[in-house]
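For the record, the sequence lines run as chains A and B. Start counting the first sequence at 1003; every next residue gets the next number (this note's numbering). Start counting the second sequence at 1255; every next residue gets the next number (this note's numbering). First the structure, in the form of structure tokens, and then the observations on it.
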Amino acid sequence: GIQVEQSPPDLILQEGANSTLRCNFSDSVNNLQWFHQNPWGQLINLFYIPSGTKQNGRLSATTVATERYSLLYISSSQTTDSGVYFCAVRAGYGNKLVFGAGTILRVKS
Amino acid sequence: NAGVTQTPKFQVLKTGQSMTLQCAQDMNHNSMYWYRQDPGMGLRLIYYSASEGTTDKGEVPNGYNVSRLNKREFSLRLESAAPSQTSVYFCASSGERQGVYEQYFGPGTRLTVT
């Protein structure tokens, strides 16, 4: 089945710094989502981005489907950005998502 | 519009006990899913239901059963709980809207089996 790899596995930032998280996938996809899991465990939808670029405030994402990767940019990070960021791709019938292992982000004040 | 709701939020079971996790969505989505998340890992699909009346196994179905009760509700049953089933369980739903198939998650159920 499809493989999803995220990097880096861990990231520590000072408040105000920028960061780029990467998601590589092993096969063609027609759906890609980025999620933020906050410290309380809640999964929050960030982007639905099978291709192209989207921006939402300080966050933006780019997916280059032909090269099988997606990037999540966080600018001017805040402590509330801390948590785990997951990339998930759609594989086959029923819109099943396959998740990467996540990037743990810690933003220090 | 509550989105995806799950009950209970927390549960402790003894080995061999059974229980059912409940999930409901009010977004009129066709597809529903059950995932488990173990410490330090991403989510793994247990079972899914592409539409009312159908269910299929995911990546880790052993030890679980599901019921798609109607379009809104999808339950997950543990017939004989084992310590290896200690995990956080998430329900999700998805449906097509203007060509977009975005998946939304419930708040999770934290299950401990002793």
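Using N, Cα and C, we set each Cβ at its ideal position, and we do this for glycine too. These numbers come from a predicted model, not from an experiment.
Report buried or exposed for residue 1328 of chain B, applying the criterion of at least 16 other Cβ atoms within 10 angstroms of its Cβ.
buried
- Query: Nearest to residue 1358 of chain B by CA position, among B/1270, B/1274, B/1261, B/1282, is which residue?
  - Reply: B/1282
Could you work out which residue in A/1029, A/1010, A/1097 is closest to residue 1073 of chain A when comparing CA atoms only? Check the Cα spacing between residue 1073 of chain A and each of A/1029, A/1010, A/1097: the tightest is with A/1010.
Problem set entry | Closest by C-alpha distance to residue 1029 of chain A, when choosing among A/1105, A/1005, A/1036, A/1014 | A/1005
inquiry  = Considering only DSSP beta bridges, list what residue 1323 of chain B is partnered with.
reply    = In DSSP, residue 1323 of chain B forms no bridge with anything.
Nearest by alpha-carbon distance to residue 1248 of chain B: which of B/1285, B/1304, B/1354, B/1313 is it?
For chain B, the structure presents residues 1255 to 1368; residue 1248 of chain B sits outside this window and is missing.
- request: Quickly, what does DSSP pair residue 1066 of chain A with across the bridge? List them, please.
  value: Note: residue 1066 of chain A sits in a beta bridge opposite A/1071.
Which of helix, strand or coil does DSSP assign to residue 1097 of chain A?
helix
Can you list, in chain order, the residues of the stretch 1065-1091 of chain A whose Cβ is nearer than 7 Å to any Cβ on chain B? 1088
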